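Each residue of the sequence shown is one higher than the one before, starting from 317 at the first, in my numbering.
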Amino acid sequence: MSEIMETVAEERPDLLPYTDEEVPAAMKRLVADPLLNDMAGFAFPEIPVAEIKERLLRVTSADEFQETFVRPMLARILKKSTSSFTIGGLEHVAVEQGHVFVSDHRDIVLDGSLLQVALLECGLPTSEITFGSNLISSPFVEDFGKCNKMYKILRGGSARDLVRNSRILSAHIHAVVRDGRSIWISQRDGRTKDGNDHTDQGLIKMLSLAGGGDVAASLSALHIVPFAVSYEYESCDALKARELYMRRRGDYKKAPGEDLRSIITGVKQFKGAVHLQICPPLQADELLRLSAGDEGNELLRDVAALIDRRIYEAYRLFATNYIAYDMKFGAARYAGAEYTQEQYQAFGRYLEERTEGFDGDRQGLLDILLDIYATPVVNKLSVTEA
């Protein structure tokens, strides 16, 4: 373990994924928790829960936990809730070094989890996955996550706490990559709710903190690889639209258990075709060119914009996106080329179903849903037609 990693472990050991030595005890706690029965019943309905528990009690490492339980569970989820899952850009992952993978964030659990499927496809070790402390709703969720290489990001607190937590997270990320391993983090806190994927400038600042004063060199050392996850049917689209509707009217207050509901909905909801496209990594010469002309916040902004460009270029647009764009702008730009009249009508019915039972301004809610699907087209056009 590197010196930086030891420092992180000393300051906040509760944030780190479990070591292999800690996994067996966590397996015993998971097996004893009633929540496992529900999870096992959903993921492996044909296997007796008692057999699942026996398998878990034989697990002795995080990799074994992923192979025994998590990987087959993801395969079942994809089989039940998608029509296809495709992967592109694996050639951009360098086998001999660690990476920081940065992606758009549409689903609480699946975005980072699908990366693990991609890494396993090219014979690479899985990465650590960052997970906000606000989402850890129970000891079961924490045990499950930390056995699955989850690093807990602290949310909330004072401005001083946020700075300290950012330094701890940055030190951990640099240590992981220096040790030749990888970690996934989303491009922003919280999921994209309006379809507009945007990299938080604060994320870039956090990543650079532990690498010394030279921002470009610090970021270059992390071998940053953006990737885009695209869903034909947006994960939790109706829930996101309702939340935005209430936020814009000042009526929104997060309900108890809402995050857990979003996790479950995102996993179970039908998402149609799903594509994960790994982008070319940020190159040292790109970062040096940016740093030559920029300073401070301007440099951080430009690096965030560079990641955005990669993600917009890689994002796979589906008929649902093109239809929503034409509906939103009252056009027929993509009719015939990207979708049929039958698809147009079917998606119109789908949107109507997502707004059923809403007791507010139904057209206002429908407009938000259209934005969720149409905005990726607008973003793609911003880089392909620039």
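Glycine is no exception: its CB is placed at the ideal position from the N, C-alpha and C atoms.
Predicted, not measured: the structure shown is a model, and the values here were computed from it.
Exercise. How many whole angstroms separate the CB atoms of Val541 and Arg422, which I take to be in contact at a CB cut-off of 8 Å?
Worked result: Within the sequence shown, the letter at position 225 stands for residue 541. Within the sequence shown, the letter at position 106 stands for residue 422. Contact doesn't hold; Cβ gap of about 18 Å is too wide.
For this session: Identify, in the order they occur along the chain, each residue of the same chain with its Cβ nearer than 6 Å to the Cβ of Asn481, setting aside the five sequence neighbours on each side.
Result: Translated into positions along the sequence shown, residue 481 becomes position 165. Only Leu470 meet the Cβ criterion.
For this session: Count the other C-beta atoms from every protein chain shown that fall within 10 angstroms of the C-beta of Leu697, then say buried if there are 16 or more, exposed otherwise.
Result: Within the sequence shown, numbered from 1, the residue matching residue 697 stands at position 381. With fewer than 16 Cβ atoms within 10 Å of its Cβ, Leu697 is classed as exposed.
Exercise. Can you tell me the Cα-Cα spacing of Asp379 and Ala391, whole angstroms?
Worked result: Counting from 1 along the sequence shown, the entry for residue 379 is found at position 63. Counting from 1 along the sequence shown, the entry for residue 391 is found at position 75. Roughly 16 Å separates the two Cα atoms.
Problem set entry | Bridge partner(s) assigned by DSSP for Phe360 | Here the question's residue 360 lines up with position 44 in the sequence shown. Paired residue(s): none; Phe360 is not in a bridge.
Exercise. Using a Cβ-Cβ cut-off of 6 Å (strictly less than) and excluding sequence neighbours within five positions of Met317, which residues of its own chain qualify?
Worked result: Here residue 317 refers to the residue found at position 1 when the sequence shown is read from its first residue. Below a pLDDT of 50, predicted positions are generally treated as unreliable, and Met317, at 43, falls in that range; no measurement from the model is reported.
Problem set entry | Beta-carbon gap between Gly593 and Ala630 smaller than 7 Å | Here the question's residue 593 lines up with position 277 in the sequence shown. Here the question's residue 630 lines up with position 314 in the sequence shown. Strictly speaking, residue 593 in this sequence is Gln, with Gly absent from that position. Cβ distance < 7 Å, so Gln593 and Ala630 count as in contact.
Problem set entry | Close Cβ partners of Asp436 (< 8 Å) along its chain, the five nearest in sequence each way excluded | As a working note, residue 436 is residue 120 in the sequence shown. What sits at residue 436 in the sequence shown is Leu, not Asp. Arg387, Thr442, listed in sequence order.
Exercise. Span of the beta strand (DSSP E) holding Leu686?
Worked result: For the purposes of this step, residue 686 is taken as the residue at position 370 of the sequence shown. No beta strand (DSSP E) contains Leu686, which is instead part of the alpha helix (DSSP H) from 678-700.
Problem set entry | Closest residue to Val416 among Leu373, Gly646, Cys595, Leu686 (Cα-Cα distance) | Translated into the one-based positions of the sequence shown, residue 416 becomes position 100. When only C-alpha atoms are compared, the closest one is Cys595.
Exercise. Nearest-angstrom Cα distance between Gln462 and Ala348?
Worked result: Walking along the sequence shown from the start, residue 462 turns up at place 146. Walking along the sequence shown from the start, residue 348 turns up at place 32. Gln is not the amino acid found at residue 462; the sequence shown has Lys there. The straight-line gap from Cα to Cα measures roughly 17 Å.
Exercise. What is the rounded straight-line gap between the Cα of Thr398 and the Cα of Gln585?
Worked result: Numbered from 1 along the sequence shown, position 82 holds the residue referred to as residue 398. Numbered from 1 along the sequence shown, position 269 holds the residue referred to as residue 585. Each residue's alpha carbon lies about 9 Å from the other.
For this session: At 3 residues or longer, and completely inside the region 353-433: list those beta strand (DSSP E) runs for me, N to C.
Result: 400-404, 416-419
Exercise. Among Glu458, Glu658, Ala475, which has the Cα closest to the Cα of Lys468?
Worked result: What you label residue 468 is simply residue 152 of the sequence shown in a count that begins at 1. Minimum Cα distance to Lys468 is reached at Glu458.
Exercise. Is the region 679-693 close to the region 552-567, with three or more CB pairs under 8 Å?
Worked result: Touching, per the Cβ criterion.
Exercise. Could you check where the beta strand (DSSP E) with Ser482 kicks off and where it finishes?
Worked result: Position 166 of the sequence shown holds residue 482. Segment 475-494 is the alpha helix (DSSP H) holding Ser482; no beta strand (DSSP E) there.
For this session: Look at the alpha carbon of Ser453 and the alpha carbon of Glu574, and state the distance between them as a whole number of angstroms.
Result: As a working mapping, residue 453 is identified with position 137 in the sequence shown. As a working mapping, residue 574 is identified with position 258 in the sequence shown. One C-alpha to the other measures close to 10 Å.
Exercise. Quick check: the region 507-527 against the region 608-622, are there 3 or more CB pairs under 8 Å?
Worked result: yes
For this session: Kindly give me the distance between the Cβ atoms of Asn695 and Tyr628, rounded to whole angstroms, as I take these residues to be in contact under 8 Å.
Result: Taking the sequence shown and counting its residues from 1, the one referred to as residue 695 is at position 379. Taking the sequence shown and counting its residues from 1, the one referred to as residue 628 is at position 312. Confirmed, Cβ separation roughly 4 Å.
Exercise. So does Lys521 have its beta carbon nearer than 6 Å to some heavy atom of the ligand SAH?
Worked result: In terms of ligand content, the structure shown is empty, and the ligand SAH therefore cannot be addressed.
Problem set entry | Separation of Ala475 from Ser536, as counted between CA atoms | Position 220 of the sequence shown, counted from the start, is the residue given in the question as residue 536. Position 159 of the sequence shown, counted from the start, is the residue given in the question as residue 475. Cα to Cα, Ser536 sits roughly 28 Å from Ala475.
Exercise. Does Ser536 come within less than 7 Å of chain B when only Cβ atoms are used?
Worked result: Judged by its chain identifiers, the structure shown contains no chain B, having just a single protein chain.
Problem set entry | Close beta carbons around Gly404, own chain, < 6 Å, minus the five adjacent residues each side | What you label residue 404 is simply residue 88 of the sequence shown in a count that begins at 1. Counting only Cβ-Cβ distances below 6 Å, and skipping sequence neighbours, we find Gln593.
Exercise. So the beta strand (DSSP E) Gln599 belongs to, where does it begin and stop?
Worked result: Here residue 599 refers to the residue found at position 283 of the sequence shown. That residue, Gln599, is in no beta strand (DSSP E); it is neither H nor E in DSSP.
Problem set entry | Stretch pair the region 489-502 + the region 519-535: three plus CB contacts closer than 8 Å | A contact exists between the region 489-502 and the region 519-535.
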